[in-house]
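For this note's numbering, add 159 to where a residue sits in the sequence shown, where the first one is 1. Encoded as structure tokens, the structure appears first; notes follow it.
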Amino acid sequence: MDNAYSFVESAWEAIIPFGWYAVASIVVLLYLHPYIKKTYNSWRQKRDEFEYSAKYHKDSDMLQQRQAAIEAARLRMQAQYMQDAEKARQREQERIEKKRQALKELTEGTDVGKKLGYADGNDSASGSKSSSKSLKSEYNPLMGETSRGYRAPKRSCCGKGGCG
Numbered sequence: 160m161d162n163a164y165s166f167v168e169s170a171w172e173a174i175i176p177f178g179w180y181a182v183a184s185i186v187v188l189l190y191l192h193p194y195i196k197k198t199y200n201s202w203r204q205k206r207d208e209f210e211y212s213a214k215y216h217k218d219s220d221m222l223q224q225r226q227a228a229i230e231a232a233r234l235r236m237q238a239q240y241m242q243d244a245e246k247a248r249q250r251e252q253e254r255i256e257k258k259r260q261a262l263k264e265l266t267e268g269t270d271v272g273k274k275l276g277y278a279d280g281n282d283s284a285s286g287s288k289s290s291s292k293s294l295k296s297e298y299n300p301l302m303g304e305t306s307r308g309y310r311a312p313k314r315s316c317c318g319k320g321g322c323g
């Protein structure tokens, strides 16, 4: 215990004379860190570009091989895209065909072109109309109703009645 305490005490005595300098340098480094990082990244990118151009400037065959590899990769990707597009087109065709079949099965049982409510022998061509009275015999859609469409006139020229 005494040995550990003496070690901490001796380390603290070494730090005390230079402590404020250490704190100040840490604060300055934290403040300058973004600028240093940006400068370092730009320097590294320039160095990588220079090495890349120097490497391909010396060996032009390597550049041609790289271009050929890039073109082959593009062609493979295009072929894969075309296959996927064809599969999607087929799935869409199948979906449309299934929908058409379902609609056909739905309408197969009904008589298309005939009015609903008539039996097979009765047709509208016979000229006989049903003599059922309507629920509201005096209703005429061209005449106005008594009070249903009435609206009171505006009381002021302003929308909310403020200038009255």
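Note that CB positions come from ideal geometry on N, CA and C, so glycine has one too.
Rounding to the nearest angstrom, what Cα-Cα distance links residue i and residue j in this structure?
i, j, result
"R250", "Q242", "12 Å"
"A228", "S212", "18 Å"
"Y164", "I175", "16 Å"
"S201", "I195", "10 Å"
"Y190", "E210", "32 Å"
"W171", "T198", "36 Å"
"E208", "Y240", "32 Å"
"K217", "R206", "17 Å"
"R248", "R254", "10 Å"
"A261", "K246", "22 Å"
"A232", "A238", "10 Å"
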